[in-house]
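Engineer:
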Amino acid sequence: MERSIIHLNVADFAVAIEKLLDRSLCNQPVIVTTARSSRPVVHDMSEEAFHEGVRKGMLLKEARRLCRKAVLKETQPKIYQKAMRGMLRQALPYTPLVEAGNHDGHLFMDVSGTGRLFGQPSDIACRIRKSTQNYLGLNPIWTVATNKLVAKAASRLVKPSGEYIVAAGTEDTFLAPLPLSLLPGLFRRELIRMQEFNLRITGQAAALSLSQLMIPFGKRAEKIYCAVRGIDSTPVFSMARTPPKICVEHFFAHESNDWNLALTVLFKLAEKAGRRLRYRNLTARQISIFLEYADRQQAVRQTTVKKGLCHDDTLFCLARTILQRAWTRRVQLRCLRLTCDKLTIPSPQACLFPEEKKHTVRQQNLTSALDRIRGRHGEASIRHARCFAY
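No gaps in the numbering here: position 148 of the sequence shown is 148 in the UniProt record's numbering, and each next residue is one more.
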């Protein structure tokens with residue numbers, strides 16, 4: 001059966017919510033920021049601020065220099081979550097296969113085979129947009145395509161408002177004249193690499209064979225080969241089937257390439273992730289490290305283990321090994337992120353060897369004692385000496 005994927009996207013979602021709460025912000029440049037963090041950055045911005053040069057992830061002080069008239073608003077995650085639940089309620093009557101973004105106004109819907117019940121996918125998208133406007137006051141973009149990649153690229157093309165239908169079999173023709181920067185799934189370093197080869201249009205990259213792409217991109221060549229041709233078999237995960245993961249990050253108050261400082265930050269992140277895993281009685285079988293440098297380039301490394309991890313020390317030891325693999329540049333860091341994925345319930349299998357059992361029991365008892373102290377007196381009540389190194 002031919003797939004029919006609807007993509008709904010409320011452009012500048014956080015700003016759209018803030019303008020609903022405060023009508024005086026209409027037609028004004030607005031910046032939504034993480035003001036309470038040690039390193040405030042731009043979480044979202046209005047179209048007016050975007051045209052002044054403001055971008056997501058930019059330092060707040062730099063954004064204010066570019067757009068001095070912007071109205072600053074602090075992020076309100078609970079309100080954004082409530083708005084996302086409202087959007088889900090408008091979409092779920094049509095299909096159980098609805099995949100929501102991270103409270104960012106994005107929804108993917110797989111409506112394949114629902115034509116006899118609800119009509120064409122474009123009719124479904126129109127009805128959802130009208131109901132979202134009536135009940136929430138939001139005006140989402142909608143696009144229809146045969147896969148998620150093309151549907152998302154189409155929504156970027158018609159932003160901040162509009163609609164687009166990409167007919168089956170025309171995916172490569174649709175993508176060919178678009179800039180590569182509009183293509184989802186490409187990393188910044190890959191776009192820079194494309195520019196070095198004077199490739200700026202998707203059709204230019206699509207003219208290259210897989211063997212030619214493997215020379216500059218290695219293992220990522222196959223992914224890029226499919227992306228520039230509009231090939232994407234990724235399913236739409238329902239909310240019940242969306243793989244859970246735990247993600248913690250740190251923005252450096254001042255960019256730094258100090259290895260010891262990075263280790264100190266990484267240990268704090270491992271402690272935070274470990275507490276969340278133990279609270280949910282889960283272990284992680286895949287650990288990922290994400291680095292963002294001062295020049296906006298990024299690096300990602302990950303490792304999968306057979307036995308799940310949830311204790312601070314074991315998480316940190318593995319994360320440190322991954323960080324060493326990712327630490328390939330001398331440029332200063334602005335962000336360090338630790339992600340725990342492939343979450344599973346802890347194995348009931350007991351240790352077979354006495355020495356290993358003794359060490360494991362001691363580690364579990366120590367971790368449990370620390371969790372009880374922090375649960376009663378707060379997270380800052382007891383800390384590891386490594387956290388005071390810097």
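Note that the Cβ used here is the ideal one computed from N, Cα and C, for glycine as well.
Which partner residues does Thr321 have in the DSSP bridge list?
Structural biologist: Taking the sequence shown and counting its residues from 1, one reaches residue 321 at position 321. Looking at the DSSP assignment, Thr321 forms no beta bridge with any residue, so it has no partner.
Engineer: Given this structure, state the Cα-to-Cα distance separating Gly57 from His254, to the nearest angstrom.
Structural biologist: Start at 1 with the first residue of the sequence shown, and residue 57 comes out as number 57. Start at 1 with the first residue of the sequence shown, and residue 254 comes out as number 254. Their backbone Cα atoms lie some 15 Å apart in a straight line.
Engineer: Going by DSSP, which residues form a beta bridge with Ser256?
Structural biologist: Taking the first residue of the sequence shown as position 1, residue 256 is located at position 256. Answer by DSSP bridge pairing, in chain order: Leu333.
Engineer: The alpha helix (DSSP H) spanning Asn134 covers which residue range?
Structural biologist: Taking the sequence shown and counting its residues from 1, one reaches residue 134 at position 134. Taken as a continuous stretch (DSSP letters only), the alpha helix (DSSP H) holding Asn134 covers 121 to 136.
Engineer: Can you give me the Cβ contacts of Ser122 inside the same chain, cut-off strictly under 7 Å, excluding the 5 residues immediately before and after it?
Structural biologist: Against the sequence shown, residue 122 aligns to sequence position 122. Answer for Ser122: Val144, Ile165, listed in chain order.
Engineer: Please state whether DSSP places Met58 in a helix, a strand or coil.
Structural biologist: In the sequence shown, residue 58 corresponds to position 58, counting from 1. Met58 falls in the coil class under three-state DSSP.
Engineer: What are the residues that DSSP puts in a beta bridge with Pro179?
Structural biologist: As a first step, residue 179 must be located in the sequence shown, where it is residue number 179. Answer by DSSP bridge pairing, in chain order: Ile201.
Engineer: Would you tell me roughly how many angstroms separate the C-alpha atoms of Leu21 and Ile201, rounded to the nearest one?
Structural biologist: By 1-based counting over the sequence shown, the position of residue 21 is 21. By 1-based counting over the sequence shown, the position of residue 201 is 201. Cα to Cα, Leu21 sits roughly 40 Å from Ile201.
Engineer: Using three-state DSSP, classify Tyr80 as helix, strand or coil.
Structural biologist: As a first step, residue 80 must be located in the sequence shown, where it is residue number 80. Three-state result, Tyr80: helix.
Engineer: Flag this pair as touching only if the stretch 258 to 267 and the stretch 295 to 307 have three or more C-beta atom pairs under 8 Å; answer yes or no.
Structural biologist: The answer is no - the stretch 295 to 307 does not touch the stretch 258 to 267, with fewer than three Cβ pairs under 8 Å.
Engineer: In whole angstroms, give me the CA-to-CA distance for residue 395 and Tyr80.
Structural biologist: Not covered by the structure: residue 395. The range shown for the chain is 1 to 390.
Engineer: Indicate whether Glu171 and Gly113 have their beta-carbon atoms separated by less than 8 Å.
Structural biologist: Position 171 of the sequence shown, counted from the start, is the residue given in the question as residue 171. Position 113 of the sequence shown, counted from the start, is the residue given in the question as residue 113. Cβ distance not < 8 Å, so Glu171 and Gly113 don't count as in contact.
Engineer: So Leu183 and Ala153 are supposed to be a Cβ contact under 8 Å. How far apart are they, rounded?
Structural biologist: Reading the sequence shown from its first residue, position 183 is the one you call residue 183. Reading the sequence shown from its first residue, position 153 is the one you call residue 153. Leu183 to Ala153, Cβ: 6 Å. Contact.
Engineer: Taking a contact to mean a Cβ-Cβ separation below 8 Å, would you say Met87 touches Thr132 in this structure?
Structural biologist: As a working note, residue 87 is residue 87 in the sequence shown. As a working note, residue 132 is residue 132 in the sequence shown. For Met87 and Thr132, yes; Cβs fall inside 8 Å.
Engineer: Are there 16 or more other CB atoms within 10 angstroms of the CB of Ser288, so buried, or fewer, so exposed?
Structural biologist: Translated into positions along the sequence shown, residue 288 becomes position 288. When all chains shown are included, Ser288 counts as buried.
Engineer: Put Tyr94 into one of helix, strand or coil per three-state DSSP.
Structural biologist: Looking up residue 94 in the sequence shown gives position 94. Coil at Tyr94, not helix or strand.
Engineer: Put Glu271 into one of helix, strand or coil per three-state DSSP.
Structural biologist: In the sequence shown, counting from the first residue as 1, residue 271 sits at position 271. Helix.
Engineer: Expressed to the nearest angstrom, what Euclidean distance is found between the alpha-carbon atoms of Leu8 and Met109?
Structural biologist: Taking the first residue of the sequence shown as 1, we reach residue 8 at position 8. Taking the first residue of the sequence shown as 1, we reach residue 109 at position 109. Going from the Cα of Leu8 to the Cα of Met109 covers about 8 Å.
Engineer: In this structure, what does DSSP give as the bridge partners for Asn9?
Structural biologist: One-based indexing of the sequence shown puts residue 9 at position 9. His106, Ile141.
Engineer: Return helix, strand or coil for Ala16, following the three-state DSSP convention.
Structural biologist: For the purposes of this step, residue 16 is taken as residue 16 along the sequence shown, with counting starting at 1. In the structure shown, Ala16 sits in a helix (DSSP, three-state: H, G or I).
Engineer: Give the C-beta separation of Lys245 and Cys340 to the nearest angstrom, bearing in mind that I take them to be a contact with Cβ-Cβ under 8 Å.
Structural biologist: For the purposes of this step, residue 245 is identified with residue 245 of the sequence shown, where counting begins at 1. For the purposes of this step, residue 340 is identified with residue 340 of the sequence shown, where counting begins at 1. Contact holds; Cβ gap of about 6 Å.
Engineer: By the 10 Å Cβ neighbour count, where 16 or more other Cβ atoms means buried, how is Gly274 classified, buried or exposed?
Structural biologist: As a working mapping, residue 274 is identified with position 274 in the sequence shown. Under this definition Gly274 is a buried residue.
Engineer: Can you list, in chain order, the residues of its chain with a C-beta nearer than 7 Å to that of Ala319? Leave out the 5 residues immediately preceding and following it.
Structural biologist: By one-based count along the sequence shown, residue 319 stands at place 319. Correct list, in chain order: Leu266, Ala270, Ile287, Ile289, Leu338.
Engineer: Counting pairs of Cβ atoms below 8 Å between the stretch 70 to 78 and the stretch 190 to 205, do you hit three or more?
Structural biologist: No: the two stretches stay apart, fewer than three of their Cβ pairs being nearer than 8 Å.
Engineer: Excluding the five sequence neighbours on either side, which residues of its own chain have a C-beta within less than 7 Å of the C-beta of Cys26, listed in chain order?
Structural biologist: If you number the sequence shown from 1, residue 26 lands on position 26. Cβ neighbours of Cys26 beyond the five flanking positions: Lys19.
Engineer: Tell me where the alpha helix (DSSP H) around Lys245 begins and ends.
Structural biologist: Position 245 of the sequence shown, counted from the start, is the residue given in the question as residue 245. Segment: none, Lys245 is in no alpha helix (DSSP H) and carries neither H nor E.
Engineer: Taking buried to mean at least 16 other C-beta atoms within 10 Å of its own C-beta, is Cys317 buried or exposed?
Structural biologist: The residue you call residue 317 lines up with position 317 of the sequence shown. Cys317 is exposed by the Cβ-count criterion.
Engineer: What number of angstroms, rounded off, separates the C-alpha of Phe217 from the C-alpha of His43?
Structural biologist: To locate residue 217, count along the sequence shown from 1; it is residue 217. To locate residue 43, count along the sequence shown from 1; it is residue 43. Cα-Cα distance, rounded: 30 Å.
Engineer: Check whether the Cβ atoms of Ile5 and Ala176 sit closer than 8 Å, and answer yes or no.
Structural biologist: Taking the first residue of the sequence shown as position 1, residue 5 is located at position 5. Taking the first residue of the sequence shown as position 1, residue 176 is located at position 176. Against a cut-off of 8 Å, the Cβ pair of Ala176 and Ile5 comes out as no contact.
Engineer: Could you give the DSSP three-state label for Ala369: helix, strand or coil?
Structural biologist: Within the sequence shown, the letter at position 369 stands for residue 369. Ala369: helix per DSSP, three-state reduction.
Engineer: For Leu315, count the other beta carbons within 10 Å of its own beta carbon; 16 or more makes it buried, fewer makes it exposed. Which is it?
Structural biologist: Taking the sequence shown and counting its residues from 1, one reaches residue 315 at position 315. That one is buried.
Engineer: Given a cut-off of 8 Å on the beta-carbon distance, is the pair Cys310 and Arg278 in contact?
Structural biologist: Indexing the sequence shown from 1 puts residue 310 at position 310. Indexing the sequence shown from 1 puts residue 278 at position 278. Yes.
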